[in-house]
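Oh and the sequence shown: position 83 is 89 in our numbering, straight run, nothing missing. Report on the following structure.
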Amino acid sequence: MKIQELADLMGLTPHTIRFYEKEGLLDSRHIQREKNNYRNYSDEAIERLRLIKKFQGIGCSLAELKTILQDHDTNARTNQEVIEWILQKINEIERKKDEYDQMLVTLNWMLTYRKLLNEDPQQAEAMMADLRLRMNI
7 MKIQELADLM GLTPHTIRFY EKEGLLDSRH IQREKNNYRN YSDEAIERLR LIKKFQGIGC
67 SLAELKTILQ DHDTNARTNQ EVIEWILQKI NEIERKKDEY DQMLVTLNWM LTYRKLLNED
127 PQQAEAMMAD LRLRMNI
């Protein structure tokens, strides 16, 4: 299939698919060049792109993707090593979740404070005074 067909099927842009090829995430198993130099993608390209999207969905960087796909292609990691990687990824996501939770607490405080400035300025000032007290400002 041609690049636009593949892009439409996978919900990607042709530019993204070309980028993956340039970065080595797609190779000769996935792409054949025709005499006119057009790319022709195999069914394996669909599976490869699904795998890429799956790992992007769990927050993998481009560098991680390259390593994962290389390990996948060569069966370089043992099952135990894969389990350890999964546990590390879980810990990384839990840390990020904690950071996002703290951001939400701060944003909700800011929202409440700003609404109180309109509705009850004295209560807003009390809220700010409490924050200064807790932060020793």
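Heads up, the beta-carbon is just placed ideally off N, CA and C, and yes, glycines get one too. Predicted, not measured: the structure shown is a model, and the values here were computed from it.
So residue i and residue j are in contact, right, with Cβ under 8 Å, and what is the actual spacing, rounded?
i, j, result
"residue 35", "residue 50", "5 Å"
"residue 137", "residue 130", "So it is not a contact: roughly 11 Å between Cβ atoms."
"residue 27", "residue 37", "6 Å"
"residue 119", "residue 109", "Not a contact, Cβ separation roughly 16 Å."
What's the C-alpha gap between residue i and residue j?
i, j, result
"residue 10", "residue 58", "18 Å"
"residue 5", "residue 71", "Outside the shown range of the chain, which is 7 to 143, sits residue 5, and nothing can be said about it."
"residue 23", "residue 8", "11 Å"
"residue 74", "residue 102", "21 Å"
"residue 43", "residue 18", "21 Å"
How would you label residue i, buried or exposed, when you count the other beta carbons within 10 angstroms and need 16 or more for buried?
i, result
"residue 47", "buried"
"residue 140", "exposed"
"residue 12", "buried"
"residue 55", "buried"
"residue 15", "exposed"
Please state whether DSSP places residue i in a helix, a strand or coil.
i, result
"residue 138", "helix"
So, does the CB of residue i fall closer than 8 Å to a CB anywhere in chain D?
i, result
"residue 89", "Absence of chain D from the displayed structure is noted, only one protein chain being present."
Contact between the region 16–33 and the region 71–79 (3+ Cβ pairs under 8 Å): yes
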